[in-house]
Amino acid sequence: MMRKNLIAGNWKMYKTPKESVEFVKQLKDAVKVYNDREILVCPAFTSLFPVSEILKDTSVKFGAQNAYFEDEGAFTGEVSVKMLQDIGVNYVICGHSERRNIFMETDTDINKKIMKTIAAGIVAILCVGEKLEEREQGKTFDVIERQITKCLDNIEDIKNIVIAYEPVWAIGTGKNATQEQAKDVHRFIRGLIEKLYGKESAENIQILYGGSVKPENIDLLMGEEDIDGVLVGGASLKLDSFLRIIDYKNGG
Ligand code: 13P
Numbered sequence: 002m003m004r005k006n007l008i009a010g011n012w013k014m015y016k017t018p019k020e021s022v023e024f025v026k027q028l029k030d031a032v033k034v035y036n037d038r039e040i041l042v043c044p045a046f047t048s049l050f051p052v053s054e055i056l057k058d059t060s061v062k063f064g065a066q067n068a069y070f071e072d073e074g075a076f077t078g079e080v081s082v083k084m085l086q087d088i089g090v091n092y093v094i095c096g097h098s099e100r101r102n103i104f105m106e107t108d109t110d111i112n113k114k115i116m117k118t119i120a121a122g123i124v125a126i127l128c129v130g131e132k133l134e135e136r137e138q139g140k141t142f143d144v145i146e147r148q149i150t151k152c153l154d155n156i157e158d159i160k161n162i163v164i165a166y167e168p169v170w171a172i173g174t175g176k177n178a179t180q181e182q183a184k185d186v187h188r189f190i191r192g193l194i195e196k197l198y199g200k201e202s203a204e205n206i207q208i209l210y211g212g213s214v215k216p217e218n219i220d221l222l223m224g225e226e227d228i229d230g231v232l233v234g235g236a237s238l239k240l241d242s243f244l245r246i247i248d249y250k251n252g253g
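Shown next, in the form of structure tokens:
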């Protein structure tokens, strides 16, 4: 199989620039060399530039948690893909459920952000996932299909796109999806990508799982063939737990 696994930390609104710098200095020194996995941290905007200076010539990649789709202008409070490109950002997370649910981002906004990101040669991590009531109503696959189809509208080439399946009910709750639940959705997503983009794209796309990933469940999750990595919130903020997640055994 061509695709590598990706272990990504989403730091959300945690860590000052000083704390971020301290963390990545220790991370880059402690992390082992791997051929089968990529490592990524996504700090807050204020930390991105100092983190970029430390990580630029290392194997650890850095990314942003969000970006705006205009290059510049009167958009108070926003940061553009162009600004991120200038400091060498490798990835941008697009459409995280907190962006969708707290900041009311729509699939159309996310679609524009993804287009802008991949046009800049940066990898877009498209986040999708159902809420608890949607799962309970049996709508999980419908929700995922709608989010993916709309967010990828008019995008022809998906080689710079990663999909992260993050069930909203599993985020920050300590209650991860079981290996079985994650496997079913990951298979569904790969099948959908095959339908939309063909077999080769489906085989190459990385599909990550996110939602209460921790040292205790990483090995089981990574044992699943269709899980190509994880997007980790809380457990990526501490060096020892993030290092243990990076060093998962049992890669599928
Ligand atoms: P937790 O790992 O804290 O559940 O967060 C998951 C997440 O939202 C990653 O983007």
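Be aware that the sequence shown starts at 2, since it is given in my numbering, and climbs by one per residue. The beta-carbon is built from N, C-alpha and C at its ideal position, and this holds for glycine as well.
Query raised in the report: Can you list, in chain order, the stretches of the beta strand (DSSP E) that have 3 or more residues and sit fully within the region 23-64?
Result: Given a length threshold of 3 residues, each whole run of the beta strand (DSSP E) inside the region 23-64 is given here in chain order: 38-43.
**Report entry** Beta-carbon proximity check, D183 vs E146, cutoff 8 Å
**Finding:** The question names Asp, but residue 183 in the sequence shown is Ala. No Cβ-Cβ contact shorter than 8 Å links A183 with E146.
Query raised in the report: Does any heavy atom of ligand 3 sit closer than 7 Å to the C-beta of I40?
Result: The ligand content of the structure shown is limited to ligand 1, which means ligand 3 is not among them.
Query - Same chain, Cβ closer than 8 Å to F76, neighbours up to 5 away in sequence not counted - result: Same-chain partners within the cutoff: Y69.
Report task. Could you name the residues of the same chain whose beta carbon sits closer than 7 Å to that of E20, not counting the 5 residues immediately before and after it, in chain order? Result -> There are no such residues.
Requested in this report: Would you give the residue range spanned by the alpha helix (DSSP H) that L254 belongs to?
Outcome: With the chain covering 2 to 253 only, the question about residue 254 has no answer from this structure.
Query - Sequence-distant residues of the same chain with beta carbon closer than 7 Å to Q27, five excluded per side - result: Annotation for Q27: L240 place their beta carbon closer than 7 Å to its own, counting only its chain and skipping 5 residues before and after.
**Report entry** Per DSSP, the bridge partner or partners of A165
**Finding:** Looking at the DSSP assignment, A165 forms a beta bridge with C128 and L209.
Query - the region 134-151 / the region 114-124 touching (three or more Cβ pairs under 8 Å) - result: The region 134-151 vs the region 114-124: no contact.
Report task. Using three-state DSSP, classify L153 as helix, strand or coil. Result -> Here L153 sits in coil by DSSP.
Query - Per-residue burial, E39 [other beta carbons within 10 Å of its own, 16 or more giving buried] - result: With 16 or more other CB atoms across the displayed protein chains lying within 10 angstroms of its CB, E39 is buried.
Query raised in the report: Just how far apart, CA to CA, sit G130 and P44?
Result: Each residue's Cα considered, the two are about 22 Å apart.
Report task. Look at I111 and N161 and say whether their C-beta atoms are less than 8 Å apart. Result -> With respect to N161, I111 sits apart: the two C-beta atoms are not nearer than 8 Å.
Query - Any non-hydrogen atom of ligand 1 within 7 Å of N11 CB - result: For ligand 1, at least one heavy atom lies less than 7 Å from the Cβ of N11.
Report task. Identify every run of the alpha helix (DSSP H) within the region 70-147, keeping only runs that are complete inside it and at least 4 residues long; order them along the chain. Result -> Within the region 70-147, the alpha helix (DSSP H) runs of at least 4 residues that lie entirely inside it are, in chain order, 82-87, 98-102, 108-120 and 133-137.
**Report entry** G192 - DSSP class collapsed to helix/strand/coil
**Finding:** Residue state for G192 is assigned as helix, using DSSP reduced to three classes.
Query - V231 in three-state terms, based on DSSP - result: Per DSSP, reduced to three states, the secondary structure at V231 is strand.
Requested in this report: Give me the Cα-Cα distance between D37 and L197, rounded to the nearest whole angstrom.
Outcome: If you take the alpha carbons of D37 and L197, they lie about 27 Å apart.
Query raised in the report: Does the pairing of the region 230-237 with the region 208-218 give three or more beta-carbon distances under 8 Å?
Result: Yes, they touch.
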